[in-house]
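Participant: The opening position of the sequence shown corresponds to residue 49 in the numbering used here, with each subsequent residue numbered one higher.
No residue lacks a Cβ here, since even glycine has one placed at the ideal position from N, Cα and C.
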Amino acid sequence: MPAEPIRFYHRYHQRIETEKVFGEGWLRFAYENPAGRFFVWLLARRKFFSWWYGRKMNQKVSALRILPFITAYDIDVDEFAKSAFDYKTFNEFFYRALKPEARPIAPGERAAILPADGRHLVFPNVETTAGYYVKGEHFTLAELFAEDRLPEAERELARTFAGGGMLISRLCPVDSHRFHFPVDGTPGEWRLINGWLYSVSPVALRHNLHYLVQNKRVVTLIDSPVFGRVAQIEVGATNVGSIRQTFVPHRAVVKGAEKGFFAFGGSCVITVFQRGRIEFAQDMIAQSAQHVETYARMGDVLGTAL
């Protein structure tokens, strides 16, 4: 039986396209083969494996991979903040900064933006995620926020965001791995939730959606004068042991300001809004209802404040 391809809607080309998956052979073996799944359980999900691979990508010899990678995945070098020849390691290239003009920010205080380049899903009501990747399977907000690890008096986030809207932004290895604030506001302290490092590719999530709430992740709450309280969660994945925050807590930010970056690998950003605070863009709602991700870039419109 042929492997099911990963298809997505390209917002700018306005058509369905098939994703060219980095390391697809390994990924499908790891999550679609019993022996591969045992290897993931035994080794690949663990911090040491990602540390080891990340160390390889931090060696100077890894820079030899950059130009072949750019060619293979048709990456636009004109967007880079510096020349492709100036990156000293593959990891440095991986979390490359882009020219500000390469990612214009959607104007208007009532417009929320996408926090990262990637393939995006929206759920107008977070309670409706059941069955998207795996029939009958869903995760709860309490699991996402790991409330069981908090003192009982602090277990309020699941209630705060109950019935709210959720965005899942999946970053592929070909994408810039900087992530940004989706709204104007004031971010609080970030909270690290330690966990495994499973892949967050659809290939993996089709087998177990709970990887999203089992993986290492960082939660930050943003208080926005327009959107109320917003939660932004960066989720690590296989070969992404490092989630680096570059923002200053309790200092006001504007949408599009850099929040941080991921080191090597695929990963995702989850953004959660309170109920009745946002209306997502219609193209994303339509595609997500068909279980199709929408490719769009950081700074583009996510939705409008209600």
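Whole angstroms are fine: how far does the CA of Phe-295 sit from the CA of Glu-306?
Facilitator: Roughly 7 Å separates the two Cα atoms.
Participant: Can you check whether the CB of Trp-244 is closer than 9 Å to the CB of Arg-93?
Facilitator: yes
Participant: Could you work out which residue in Ala-210, Gln-62, Pro-221 is closest to Ile-118 when comparing CA atoms only?
Facilitator: Pro-221
Participant: Give the range of the alpha helix (DSSP H) segment to which Met-346 is assigned.
Facilitator: No alpha helix (DSSP H) contains Met-346, which DSSP labels as neither H nor E.
Participant: In the DSSP output, which residue or residues are listed as bridge partners for His-168?
Facilitator: Ser-217, Thr-342
Participant: For Ala-150, collect the residues of the same chain with a Cβ closer than 6 Å to its Cβ; drop the 5 residues on either side in sequence, then sort them by chain order.
Facilitator: Glu-127
Participant: Are the region 215-233 and the region 61-71 touching, with three or more C-beta to C-beta distances below 8 Å?
Facilitator: They touch, by the three-pair rule.
Participant: Would you mind giving the Cβ-Cβ distance between Ile-326 and Gly-213, rounded to the nearest angstrom? I have them listed as a contact below 8 Å.
Facilitator: 5 Å
Participant: Any idea if Glu-282 is buried or exposed, counting beta-carbon neighbours within 10 angstroms, 16 or more meaning buried?
Facilitator: buried
Participant: List the residues that DSSP assigns as beta-bridge partners of Pro-235.
Facilitator: Ile-270
Participant: Of the choices Thr-286, Arg-277, Lys-264, Gly-324, whose alpha-carbon is the least far from that of Val-251?
Facilitator: Considering only alpha carbons, the answer is Thr-286.
Participant: Apart from the five residues on each side of it in sequence, which residues of its chain come closer than 8 Å, Cβ to Cβ, to Met-49?
Facilitator: Per-residue confidence for Met-49 stands at a pLDDT of 45, beneath the threshold of 50, marking its modelled position as unreliable; no derived number is given.
Participant: Can you tell me the Cα-Cα spacing of Gly-284 and Ser-336, whole angstroms?
Facilitator: Straight-line Cα distance between these residues: approximately 23 Å.
Participant: Report yes or no: is there a C-beta of chain B within less than 9 Å of the C-beta of Cys-220?
Facilitator: Among the protein chains of the structure shown there is no chain B, as only one such chain exists.
Participant: Compute every distance between the C-beta of Leu-112 and the non-hydrogen atoms of the ligand SAH, then say whether any falls below 8 Å.
Facilitator: The ligand SAH is absent from the structure shown, which contains no ligands of any kind.
Participant: Would a C-beta distance cut-off of 9 Å place Ile-270 and Ala-194 closer than the cut-off?
Facilitator: no
Participant: I'd like the span of the alpha helix (DSSP H) that includes Ser-336, first residue to last.
Facilitator: 330-337
Participant: My assumption, with CB atoms under 8 Å, is that Ala-111 sits in contact with Tyr-135. Please give the rounded CB distance.
Facilitator: That belief holds up - the Cβ atoms of Ala-111 and Tyr-135 are roughly 6 Å apart, short of 8 Å.
Participant: Near Met-346, which residues of its chain fall below 6 Å by C-beta distance, leaving aside the five closest residues on each side in sequence?
Facilitator: Contacts found: Arg-151, Leu-162, Ala-164, Asp-165, His-228.
Participant: From the DSSP output, read off the bridge partner residues of Trp-8.
Facilitator: The structure shown has nothing for residue 8, since the chain only spans 49 to 354.
Participant: Residues in its own chain within less than 7 Å of Thr-176 by CB, not counting five upstream and five downstream?
Facilitator: none
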